[in-house]
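Residues -25 to -1, 1 to 876 (mature numbering (1 follows the signal peptide of the UniProt record, and there is no 0)) are what the sequence shown spells out, left to right.
To keep things clear, I will list the structure first and then write my remarks on it.
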Amino acid sequence: MKTPPPLLPFFLSLLFSSAISSAVAADSGGSAVNSPFVPRDYILLDCGESGQHRDSNNRTWDGDAGSKYSPPSQNFVSSTASDQDSSVPQYPYLTARIFTSPYTYSFPLGPGRKFLRLYFYPSNYSGRAASSAIFSVTAGPITLLQNFSAYQTAQALNFVYLIREYSLNVSSPALNLTFTPSINYTNSYAFINGIEIVSMPDIFSSPTPLLVTGSSSSTLFPIVDDWALQTVYRLNVGGQAISPTADSGLFRSWADDSPYINGAGFGVTYSADPNVTIEYSNALPEYIAPVDVYSTARSMGPSATVNLNYNLSWILSVDAGFFYLVRLHFCEIQYPITKINQRVFNIYLNNQTAQVGADVIGWSGGIGKPVHEDYVVITSGSGMVDLWLALHPNTQSKSQFYDSILNGIEVFKLQNTNNSLAGPNPDFLPQPDVELDRILVKKDSSKSSKIPGIVGGVIGSVAFLAICYFAVVICGRRKKKEGKDSSASDGFSGWLPISLYGNSHSAGSAKTNTTGSYTASLPSNLCRHFSFSEIKAATNGFDEELLLGVGGFGKVYKGEIDDGTKVAIKRGNPMSGQGVHEFQTEIEMLSKLRHRHLVSLIGYCEENQEMILVYDYMAHGTFREHLYKTQKPPLPWKERLGICIGAARGLHYLHTGAKHTIIHRDVKTTNILLDEKWVAKVSDFGLSKTGPTLDNTHVSTVVKGSFGYLDPEYFRRQQLTDKSDVYSFGVVLFEALCARPVLNPSLPKEQVSLAEWARHCQKKGILDQIMDPYLKGKIAPECFKKFAETAEKCVSDNSIDRPAMGDVLWNLEFALQMQESAEESNGELMSCGMSDGEATPLMVGGGKKVVDDPVMDTSMTTTTTMTSSAVSIGGRSVNSEDSDGLTPSAVFSQIMNPKGR
């Protein structure tokens, strides 16, 4: 077991708080089971404004100009945002109060707990740059924010505006809220757009201390009534977002939980049975959570076999170094779950057992009766880290259904011993040599309904996964001793990724030096497990002379295994922006996919807290290495086109080769590798996602990828489709043609983004003027026209206007045919002056029919050896095929006749 942190004795010395019922009576004048809470104090202050205004939720805001809460001062000014994004509500975000020295609002309030909500819209105010607003905020003795940058936070998290929500216990006659510009930054200032204060019942008090998850039974944690908390997440599990006006008088926002679900194990969602009524009680009144939270749920699904082989899990990014109160809401709302021991499951937090044998009916007393359970967990490390929540069926109970259920999640940060809730500003999205404020894409109004649902601003929607310092995975993803965690004496437990349908084998069979057992889904004939000693030997102790490059995951070394087979060995870096989840995804994807144009994963190593991947060695490196910023000779046009065709084949296979689409999500020229024969292979599947089912058009997920290649629609809406890959591939096509970086901030503003500039030039008919000078006069006009039109369609703003990857591939094959035909006929290759006519596609092999196989690009004129084996991803059968023998110029199989399509 982990040693209790040294600050726990301090917590244990604090007095236990009063029961929740007395707190409710003190603030609302009595208990109301089935009626909304009526707040005693209710303040909506529109900063920098005068008069009264109604917001989009029909709530009335009072301007702070001349307000009794705003003492007269010369050190603040009222200002209007220089640029009001269309997705931002007018009130309270249109105006702001600007402070160049410390300023204090004073709010006379009655005693008791209050929700304090701070509203920020980072913009340029009164000629001051948004990036210069760096400041601290205190509420009495509590530090809420320190050296806070709303500008950096909004950009890093992909938000247009921010809401920070806190719960404070007010015992003095007034709450003093102080804004202080940081003295560590030149020209810094503070600002605030809106302040909301609402009385609330003390929903956090507990008559007994809570056990700290992962600690010994003696480590208890009292939630003291005068502590401050910050809301980090509030999620309606299995349901839609809930607006503040639908929340029982407390005006809380509840967000959709689906963007935070780990992997493809989404489970199933459902609403309450029509015959079930949500029944609150004195022990759990309506203000704990609204009816809409308990009326929807997410469970694992109807198959016990499937459920026993995966976890229903969520990944939530939080600030390291704090204790967190995790509140889980439950309510059985569907028949036949009406009795105890019908659905029993375990709850895990951060790979530690938080609850064994959770039985909602046993807790609540019947169907339709809500209940919540609270847990405390501590996070270690620095910066942003992942808080994992996982549910898994409990088999010891021999329950009727091997399943789990959850209705709502709330996560609250608890103040530390320094009376602080302040965490660091999240890092900007990594993009070398890019001026972020010039390339940040505007978010559209469709996202505005989701943003208020995630209060606290510390949300991972676009925040990249912080790498853990040790390899962890959810408890339920390995066989566990029921009711008992692995102790420290067990040594480091071998981490092994699994899919929804896994096979079990012992740790020893996987060549590890650890004890215990786990579940794996990696067939031995597809993916090999290397020992760390084998990896060290292959790389000569990670000799820097063998270094091939450094990527987001870590360093890549050239190595030799077995009988001298050359391999590329990618070693995870604990300080990188990628971690366990990417490591797991890469193995799960590549161990089950085999295709000529996908990089082959040979194996992996996860010993000694290492995360190492072993691939086939790609002798010619990345596609980008041969385009620009290189000493290598420029690639001829046909070779570039052949590489693009190969990459398109690989992506087309991902999009169509399985029952459900696999979306790569990080298509770029550095992820297209070239082997010794210049065959292109798509690589790096750490960010890949399983695509939507037939019943859905997209996958809702936090935005990940690389700036310059990011689909703007995905960026705005957080809705991922296979057309997101098409957009990124369109950027690759322009990159191949123009041989310049996709983002170059040294150029004039309109030319910074290659996608936007090339599309503009194509529409103006001047694309040939920005192409690689080396290619001048070497591309057939018909080929150029088809290639340019294809790239332009790929980077359309709206996904509906983009072609499918199969169509992209067809067009590129067509363009290659026209290039070869022009060369064979000795036609003059002009510098791309386009003709009005368009060539007719040629037949393959002198008129022979091409096999119509949308997955494998093989023809009757090519001798091909194919092997096929059925594998499973998330319960779906995938034919893993190898198309060795094809050349990059082989014609795509959908060219069926001389007339084309």
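For every residue, glycine included, the Cβ atom is placed at its ideal position computed from N, Cα and C.
Residues near residue i by beta carbon distance below 6 Å, same chain, minus five either side
i    : result
P609 : Y749
Q330 : I322
S14  : In the sequence on display, residue 14 carries Pro and not Ser. Contacts found: V173, S174.
Y269 : I253, C306, P345, N382
A790 : C758, K761, F762
A755 : M793, Q794, A797, L804
P97  : A105, A125, Y126, A129
W612 : L750, K753, I754
L712 : M746
N369 : V319, F320, N321, G332
Bridge partners - residue i, DSSP secondary structure assignment
i           : result
T118        : T113, S395
V301        : Y350, V386
L283        : None, per the DSSP bridge assignment.
H28         : W36
T271        : S246
F95         : L137
P156        : F110
K533        : A543
H367        : N321
Y310        : Beta-bridge pairing links Y310 to no other residue.
V335        : For V335, which the question treats as bridged, DSSP gives no partner whatsoever.
S81         : N151
G87         : V145
D231        : N211
R503        : G578
residue 877 : The shown model of the chain, from -25 to 876, leaves out residue 877, and the question about it has no answer.
S163        : Answer is none; S163 lacks a bridge partner.
R72         : S53, I167
R103        : Y100
M359        : D294
Residue from the options with nearest C-alpha to residue i
i           : options                : result
N393        : P83, G296, A655        : G296
T220        : E535, N32, P83, I754   : N32
S76         : I336, T153, T645, Q744 : T153
A131        : I312, S292, G524       : S292
E585        : F690, G224, A763, F558 : F558
Y262        : F598, S223, G337, F387 : S223
T183        : A264, V281, G23, D349  : D349
V281        : G240, H347, I587       : G240
G115        : Y78, Y136, N99, V135   : Y78
P47         : K664, L324, R72, L662  : R72
P260        : S339, K530, L210, N286 : S339
E731        : G683, D361, D743       : G683
H367        : I647, N646, D334       : D334
residue 885 : V212, D294, L283, L300 : This structure cannot settle anything about residue 885, because the visible part of the chain is limited to -25 through 876.
T188        : F298, Q205, S101       : F298
Residues near residue i by beta carbon distance below 8 Å, same chain, minus five either side
i    : result
Q127 : S106, N400, P401, F403
V243 : R273, S274, M275, G276, P277
S163 : S107, A108, I109, F110, P156, S157
S649 : Reading off the sequence, residue 649 comes out as Leu, not Ser. If we look at L649 and ignore the five residues flanking it on each side, its Cβ neighbours are M593, A594, H595, G596, T597, F598, H601, I618, A655, K656.
T313 : E307, I336, G341, I342
Other residues of its chain near residue i: CB distance less than 7 Å, five sequence neighbours each side excluded
i           : result
residue 881 : A question about residue 881 goes unanswered here, because the residues of the chain that appear run from -25 up to 876.
K738        : none
S372        : N316, V319, G332
T514        : L521, Y532, G534, I544
T113        : L119, T153
Chain D contact for residue i (CB, 8 Å cutoff)
i    : result
Y532 : Of the protein chains in the structure, only one exists, and it is not chain D.
Check: Counting Cβ pairs, one atom from each stretch, are 3 or more of them under 8 Å apart for the stretch 130 to 150 and the stretch 87 to 104?
Finding: Segments in contact, yes.
Notebook entry, point to check: Should the stretch 226 to 233 be regarded as contacting the stretch 158 to 170, the criterion being three or more beta carbon pairs within less than 8 Å?
Noted result: Judged by pairs of C-beta atoms under 8 Å, the stretch 226 to 233 does not touch the stretch 158 to 170, as fewer than three such pairs exist.
Note to self: So, does the stretch 690 to 709 touch the stretch 758 to 770, judging by three or more C-beta pairs under 8 Å?
What the structure shows: Yes, the stretch 690 to 709 touches the stretch 758 to 770.
Item checked: Stretch pair the stretch 78 to 88 + the stretch 53 to 66: three plus CB contacts closer than 8 Å -> In short, these stretches do not touch, since the Cβ pair count stays below three.
Check: Between the stretch 31 to 51 and the stretch 64 to 80, do three or more beta carbon pairs fall short of 8 Å?
Finding: With a cut-off of 8 Å, the stretch 64 to 80 and the stretch 31 to 51 count as touching, because enough Cβ pairs lie within range.
Checklist line | Complete alpha helix (DSSP H) runs within the stretch 574 to 646 (minimum length 4 residues, chain order) | finding: Within the stretch 574 to 646, the complete alpha helix (DSSP H) runs of at least 4 residues are 612 to 631.
Next item on the list: Specify whether the stretch 567 to 578 and the stretch 651 to 660 touch according to this definition: at least 3 beta carbon pairs, one from each stretch, less than 8 Å apart.
Entry: Flag = yes, the stretch 567 to 578 and the stretch 651 to 660 touch.
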